[in-house]
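So the structure is just underneath, and the comments pick up after that.
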DNA sequence: TTTTTCTCCGCAAAGGTTTGCGCAAAGCTT
DNA sequence: AAGCTTTGCGCAAACCTTTGCGGAGAAAAA
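Protein chains in written order, with the numbering used here: chain W, 147 to 484; chain A, 147 to 484.
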């Protein structure tokens, strides 16, 4: 389509020397005389020569492209993580190609295959909600292709991961509720296949135990992390004979949905029901009442994942499991029980 | 680093035929006998052969990669647009590489140069806030490299663009305010270099005129679209001897900041000051009161931009200017004046 | 039987880059 | 002056793919 860009050949012909000489001159090879080196470099400047990454890729078997697969793009959480990945990638001369699995197992496999066809040097990804089997990563592992999981992970013995301290955070939330005088603390959990769901439930129960509160299965609702299913879960909780006086959602989307439903039923937050989210989407601060939430170091998660990729890309190293700390940001939605 | 993937050579050696024969067999060339064709294709299947895009790229001078530059990633608006671009790209066998200009002119140029080095087939982008000169696009135009602008645009005579009906929408907002009994309608505008800012101001003034209201320069504040500068602008407006009874922000971030500041000053929304945003970030529905805003067809903007790229990529065609319709979503924040 | 026509496949070049090796001319040593 | 080491550059292969052309063998025609 468009004209071919200037190549070594272009320069070589213009200067009446061989391609290899030009190549060497540009890399300041001692074999090339200083005068010629100078001339070559100057012409390269003038003609805005830049090495063809396709040719280099072919030669070195390295595209300098990282494939990134996220379950969703249009969320503060993933966008921010991608931003973190991008920043590290750029610093190290890598590009990132993003693909979205839309929380579908099938699409996740498609994306994976698709990116491998592109010959990405590795994959950084977050599992889809539907992903319950992990055999589709076998080929990568076998081929030694760098792979990094973040947030939702699997096969930690083989694949480096970066996650947050989900259980500790959930425990902290539960105890925070208790400290505010809440006794019937509910949790809207996510899909059980996801480590984040399981860990947060574990933290929830740990927190209950630490506060001497009994675990009531009725207070453990679950959803698929969509707003509608979270609304349904909230409705179910509020319809209980003994409804909860505190709810924490598996993420902020869930909490927002719960907030709407609670208000729709004419209940007050936090007077009647305290509420806490997870993931700290940007707008947690803007809702009324402001939402107490667990702040994820999203940008840092992205950066760390990218750094783990770089580690793997250098050579096979044992997979590291990085756990990043979260922070419970207390706002109005989890105020003292009157 | 990792082992080389299976190539035509691998297949050729395994089957003891030449590389060209394998290549032809895979593409069902009539020159190759049916029996051999069958054997080649079967082995290719078994070994999961897929053509090397680098080699193809070199040969065809086409990487099938689209470069995308956005001023920011971590917003509903841009994330959703990127999602739209990605969906079309995938459908047509393209990949997208995303770069972020962070609203900086300098970084915008870096990203551009960086993506061109990667030999992307074209660029889809949104101008940074700082971008006031447009000469850095000359090389692309000269080389015939496909280029598409969305939302914030320039050089519309030469470059295809996809924008929304900013002026009409701003006019609609202003008249909506008037219909709710507002008389002192303020606007917090964005940087004047941006078409979106100028068009929205024009719509604002058009709306005032249509309603027989005088334009008061004091009611036209401006900001750089950041929350802090929007807060300052709001403070300035509210400090006026005759403060506004309605404000519309150039986007939702601005409106959210205004909302906080208005409440901080003890004023009620919409009783004292009505408020309208622009861009309809997801959380507009979740704030209290829910924010009236102009809904952008973000996903569609992305899809359209990608389609315009495909048009250009096919061959040089005159640049089209696509204008997408927005929708004013009336919620509580712009209720009737008491 | 000889010539012609197919059928089926391989050679080689091109695209851009790096790099081991070879080779000529110049400078150096005795 | 003859042999030696440098110095400075080009050749060619490799990475992977497509494709025009040529060529060997077999089948068909004369």
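From the three backbone atoms N, C-alpha and C, an ideal C-beta is built for every residue, glycine too. Computed from a predicted structure; not experimentally measured.
- In this structure, the alpha-carbon of residue 273(A) lies about 27 Å from that of residue 475(A).
- Here residue 238(W) carries a coil assignment [DSSP, helix/strand/coil].
- Taken in chain order, the members of the segment 226-243 of chain A whose beta-carbon sits within less than 9 Å of a beta-carbon on chain W are 226, 228, 229, 232, 233, 236, 241, 242, 243.
- Residues of the same chain with a CB within less than 6 Å of the CB of residue 422(A), apart from the 5 flanking positions on each side, are 319, 394, 438, 480 in chain order.
- Contact between residue 341(A) and residue 371(A) fails: their C-beta atoms lie close to 14 Å from each other, not under 8 Å.
- Taking a beta-carbon distance threshold of 7 Å, residue 323(W) does not count as an interface residue toward chain A.
- Beta-bridge partners assigned by DSSP to residue 245(A): 215(A).
- Close to chain W, meaning a Cβ-Cβ distance shorter than 8 Å, are the following residues of the segment 289-323 of chain A: 289, 290, 291.
- Distance from the CA of residue 417(A) to the CA of residue 409(A), rounded to the nearest whole angstrom, comes to 12 Å.
- Residue state for residue 386(A) is assigned as coil, using DSSP reduced to three classes.
- With contacts defined as CB atoms closer than 7 Å, residue 310(W) and residue 472(W) qualify as a contacting pair.
- Between residue 402(W) and chain A, the shortest Cβ-Cβ separation is below 7 Å.
- Secondary structure of residue 439(W) (DSSP, three-state): strand.
- Residue 478(W) is positioned such that its CB atom lies no closer than 7 Å to that of residue 430(W).
- If you check each beta-carbon in the segment 413-437 of chain W against every beta-carbon of chain A, the ones closer than 7 Å belong to 429, 432, 433, 434.
- For the alpha helix (DSSP H) assignment, the uninterrupted runs of no fewer than 4 residues enclosed by the segment 272-333 of chain A are, from N- to C-terminal side, 284-289, 312-325.
- For residue 168(A), the three-state secondary structure derived from DSSP is helix.
- Residue-level contact by beta carbon holds for residue 220(W) and chain A, with a gap shorter than 7 Å.
- By the CB criterion at 7 Å, residue 215(W) and residue 271(W) fall inside the cutoff.
- In this chain, the alpha helix (DSSP H) harbouring residue 347(A) covers 341-356.
- Contact of residue 207(A) with chain W is assigned, a C-beta pair being separated by under 7 Å.
- In the three-state reduction of the DSSP assignment, residue 474(W) falls in the strand class, which pools E and B.
- Contact between the segment 179-194 of chain A and the segment 222-232 of chain A is absent: fewer than 3 CB-CB pairs across the two stretches fall below 8 Å.
- Here the alpha carbon of residue 151(W) sits roughly 31 Å from the alpha carbon of residue 447(A).
- Identification of chain W residues near residue 272(A) by a Cβ-Cβ cut-off of 9 Å yields none; the smallest Cβ-Cβ distance measures about 15 Å.
- In its chain, beyond the 5 residues on either side, 392, 416, 420, 480, 481, 482, 483 have a beta carbon closer than 8 Å to the beta carbon of residue 326(W).
- By the Cβ neighbour-count rule, residue 312(W) is buried, with 16 or more other Cβ atoms within 10 Å of its own.
- Identification of chain A residues near residue 157(W) by a Cβ-Cβ cut-off of 7 Å yields none; the smallest Cβ-Cβ distance measures about 16 Å.
- Assigned with DSSP and collapsed to three states, residue 482(A) falls in coil, not helix or strand.
- With fewer than 16 neighbouring CB atoms inside 10 Å of its own CB, residue 175(W) falls in the exposed class.
- In the DSSP assignment, residue 447(W) falls within the unbroken alpha helix (DSSP H) covering 444-460.
- Residue 252(W) is positioned such that its CB atom lies no closer than 7 Å to that of residue 275(W).
- The criterion of a C-beta distance shorter than 7 Å is not satisfied by residue 407(W) and residue 374(W).
- Sequence-distant partners of residue 288(W) (beyond 5 residues in either direction) whose C-beta falls short of 6 Å from its own C-beta are missing from its chain.
- DSSP places residue 395(A) in the strand class (E or B) of the three-state scheme.
- Judged by DSSP in its simplified three-state form, residue 156(W) adopts helix.
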